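Working notes, structure below.
Numbering (full-length UniProt numbering), first residue to last: 1 to 401.
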C-alpha cells in the first residue's frame, strides 16, 4: 500500500527507524530507541522478568545483542545503584537490545532517568516493537546467531553497510573480550550489601562487618559490582587485580583466598594467560572460588575443556541442582560456553547441574581447596538460594587458617 493509499484511508503507518539483520538473512524492523548507529554482535535472549538494568550493565554480555522476552522493559526507569559495571559510567560491552513493547515513562521512586536517555548515554542501540516470542523461538531453534542492529531516526539504511558490518563480526568463539571490560589497575573495595527499611541507614550500602577480615584477591575478568558487595558483606577485605595478574603478584599479597570473576567471550581464549596464574595459586593450596567465567577458568586450569552452547543460558529463572545437598536452587545465568564434564579430571567432581539441559553448573577439587559455579549467586533470583556459596568460601578460608 502506498503513502497515497494510506492517506486515502485516513491512517499513516510509522516508518521503521531500526533494523535487526541476522546472519541467515532474516530482517526484522521496528522503532529505534537508545543510541543511533550500527552495532554487530551475537544475538541471544534473556528470560528474566526483572533486573533489565543489571543485565544491560553486566560485562559478561560484551559483544552481544540482548533480546528481552519479558514485554515490559523500562517501566521502572534506571538509577545509579543498579549498575553492575564497577565504574557506573563505563561501558559493559553490550552491543544492542531488542524489546517487544515501546518503552514507557518511568514510574518508580528509585528512578533517576528514563531508559531511552540512559541507553543513548551508554551507546547501546535498541529496537522496540519486535515480536520477541517469534525471535526467541528462532534463536532456540537455530542457536545464537551473529546479527547487526541499526537505529536511524530518518528510517534510511544503507543495506551494503549493514551487511558489511555483519560479515565483519567474527562471532564469540575464539574471542578474548575480557580486556574490553576488565580493570587495568589494582584497587581496594569496601562497599557491602544493601540495607533495607528497618535496618540502619535504609537505602544505602553498608560496610564490612566488624571483626577479623579475610584477605581476598579478586581477579577481574569483567567483575560485577554485587559480587564485591557480597564478598565484603561475608567479612572479606577485597583487593581487585587485573586479569593479567601473575601468580607471583597474587601470592605477594598473602591472600587468605582468591576469587575468579565472571566475564565475557570464549574462556579458552582468556585461559591462554589466566590459567597459569590459577595453576600457581592452586599449587600453593590457596582457597579459590569462581563464578561463571571464573568457573570455566578453574576447569581449564585443572585440564578440562569448555564448549560453545547452542543458545546459552540467560535468565533469572534457571533451576540448578546441588548434587551435594540435593537442594534445587533458582539461579541467574548468563553464559554461552559451558564446561565439558566428560573432560574433568579425577581430582574434580561435579557439584551442580542445570535442570533445563543437564549441563555442568559447578565443580570442586578433591585435592585442593577450590570450587566454582556457573550461575550467579550474587544476582539473588531465589532471592537468597545461592548466597551460601560466599559463606562456604569464607568457611574454606577459616579452615585453612
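For every residue, glycine included, the Cβ atom is placed at its ideal position computed from N, Cα and C. No experiment lies behind these values; they were computed from the predicted model shown.
From what residue to what residue does the alpha helix (DSSP H) around residue 365 run?
Judged by DSSP secondary structure, residue 365 falls outside any alpha helix (DSSP H) and instead within the beta strand (DSSP E) spanning 360-365.
Inter-stretch contact at 8 Å, needing at least 3 Cβ pairs: the stretch 159-178 / the stretch 23-42:
Using a C-beta cut-off of 8 Å, the stretch 159-178 makes contact with the stretch 23-42, since at least three inter-stretch Cβ pairs fall below that distance.
Alpha carbon to alpha carbon, what distance is there between residue 347 and residue 128?
About 49 Å.
Please classify residue 187: is it buried, with 16 or more other beta-carbons within 10 angstroms of its beta-carbon, or exposed?
Residue 187 comes out exposed.
Taking 7 Å as the threshold (beta carbon to beta carbon), is residue 213 in contact with chain C?
Any reference to chain C falls outside this structure, which holds one protein chain only.
Below 8 Å CB to CB, which residues in the same chain sit around residue 213 once its five sequence neighbours on both sides are set aside?
So the list reads 235, 236, 237, once near-sequence residues are dropped.
Cβ pair residue 126, residue 119 closer than 7 Å:
Result yes, Cβ atoms of residue 126 and residue 119 sit closer than 7 Å.
Do you know offhand how far residue 218's Cα is from residue 224's?
Near 11 Å, if we compare the C-alpha coordinates of residue 224 and residue 218.
Is it right to say residue 144 is buried, meaning 16 or more other beta carbons lie within 10 angstroms of its own, or is it exposed?
The residue is buried, with at least 16 neighbouring Cβ atoms inside 10 Å.
Report the residue ranges of all alpha helix (DSSP H) runs contained in full by the stretch 117-184; include only those spanning at least 4 residues, in chain order.
List check, alpha helix (DSSP H) in window: 132-142, 159-167, 178-181.
Looking at residue 293: is its Cβ nearer than 7 Å to the Cβ of residue 263?
Yes, the Cβ-Cβ distance between residue 293 and residue 263 is below 7 Å.
Identify the residues that DSSP records as bridge partners of residue 322: which are they?
In the DSSP assignment, residue 322 forms a beta bridge with 352.
Sequence-distant residues of its chain with Cβ nearer than 6 Å to residue 321 (five each side left out)
Shown here for residue 321: same chain residues with a beta carbon closer than 6 Å to its own, the five before and five after excluded, namely 328, 353, 355 in chain order.
Does residue 71 pass the burial test, meaning 16 or more other C-beta atoms within 10 Å, or should it be called exposed?
Answer is exposed; the Cβ neighbour count stays below 16.
Residue environment, residue 373, which counts as buried when at least 16 other CB atoms sit within 10 Å
Under this definition residue 373 is a buried residue.
Is it the case that the Cβ atoms of residue 65 and residue 32 are separated by a distance below 7 Å?
No, they are not a contact pair.
With a cut-off of 8 Å, do at least 3 Cβ pairs link the stretch 244-256 to the stretch 84-94?
No contact exists between the stretch 244-256 and the stretch 84-94.
So, with DSSP's three-state summary, where would you put residue 380?
In the structure shown, residue 380 sits in coil (DSSP, three-state: anything other than H, G, I, E or B).
Output the boundary residues of the alpha helix (DSSP H) element that contains residue 399.
Element bounds for residue 399: 388-400.
Check the DSSP bridge columns for residue 225 and list the partner residues they point to.
The partner list for residue 225 (beta bridge, DSSP) is empty, contrary to what the question assumes.
Using only CA atoms, which one of 311, 335, 359 lies nearest to residue 142?
Residue 311 is the option with its Cα nearest to residue 142.
Buried or exposed for residue 182, going by 16 or more other Cβ atoms inside 10 Å?
Looking at its Cβ environment, which holds 16 or more other Cβ atoms inside 10 Å, residue 182 is buried.
With a CB to CB cut of under 7 Å and the five nearest residues on each side skipped, what residues in its chain are close to residue 273?
Non-local beta-carbon contacts of residue 273 in its own chain, meaning distances under 7 Å to residues more than five positions away in sequence, involve 244 in chain order.
Pull up the distance between the alpha-carbon of residue 107 and that of residue 115, whole angstroms please.
Pairing residue 107 with residue 115, the inter-Cα distance amounts to about 11 Å.
Going by C-alpha distance, which of 376, 305, 336 is nearest residue 343?
Comparing Cα positions, the closest option is 305.
Can you pull the DSSP bridge partners for residue 275?
In DSSP, residue 275 forms no bridge with anything.
CA-CA distance, residue 233 and residue 209?
For residue 233 and residue 209, the gap between their C-alpha atoms comes out near 7 Å.
Taking residue 290 as the reference, give the member of 231, 318, 45, 341 with the closest Cα.
For the residues 231, 318, 45, 341, the minimum Cα distance to residue 290 belongs to 231.
Identify whether residue 193 lies in helix, strand or coil by the three-state DSSP scheme.
In the three-state scheme derived from DSSP, where H, G and I count as helix and E and B as strand, residue 193 is classed as strand.
What runs of the beta strand (DSSP E), each 3 residues or longer, lie entirely inside the stretch 8-86?
Runs found: 18-22, 27-34, 37-46, 64-68.
Answer with buried or exposed for residue 105, where buried requires no fewer than 16 other C-beta atoms within 10 angstroms of its C-beta.
By the neighbour-count rule (16 or more Cβ atoms within 10 Å), residue 105 is not buried but exposed.
When you compare the CB positions of residue 132 and residue 69, do they come within less than 7 Å of one another, or not?
Contact check for residue 132 against residue 69 passes: the beta carbons are separated by less than 7 Å.
Let's test the definition: count the other Cβ atoms within 10 Å of the Cβ of residue 159 and tell me whether it reaches 16, buried, or not, exposed.
When all chains shown are included, residue 159 counts as exposed.
Can you give me the C-alpha to C-alpha distance between residue 83 and residue 279, rounded to a whole angstrom?
Roughly 32 Å between the two C-alpha positions.
Leaving out five residues on either side along the sequence, give the residues of the same chain with a beta carbon under 7 Å from the beta carbon of residue 398.
By the criterion of a C-beta distance shorter than 7 Å, residue 398 is surrounded by no residue of its chain, once the five residues flanking it on both sides are discounted.
With a Cβ-Cβ cutoff of 7 Å, do residue 360 and residue 350 count as a contact?
Cβ distance < 7 Å, so residue 360 and residue 350 count as in contact.
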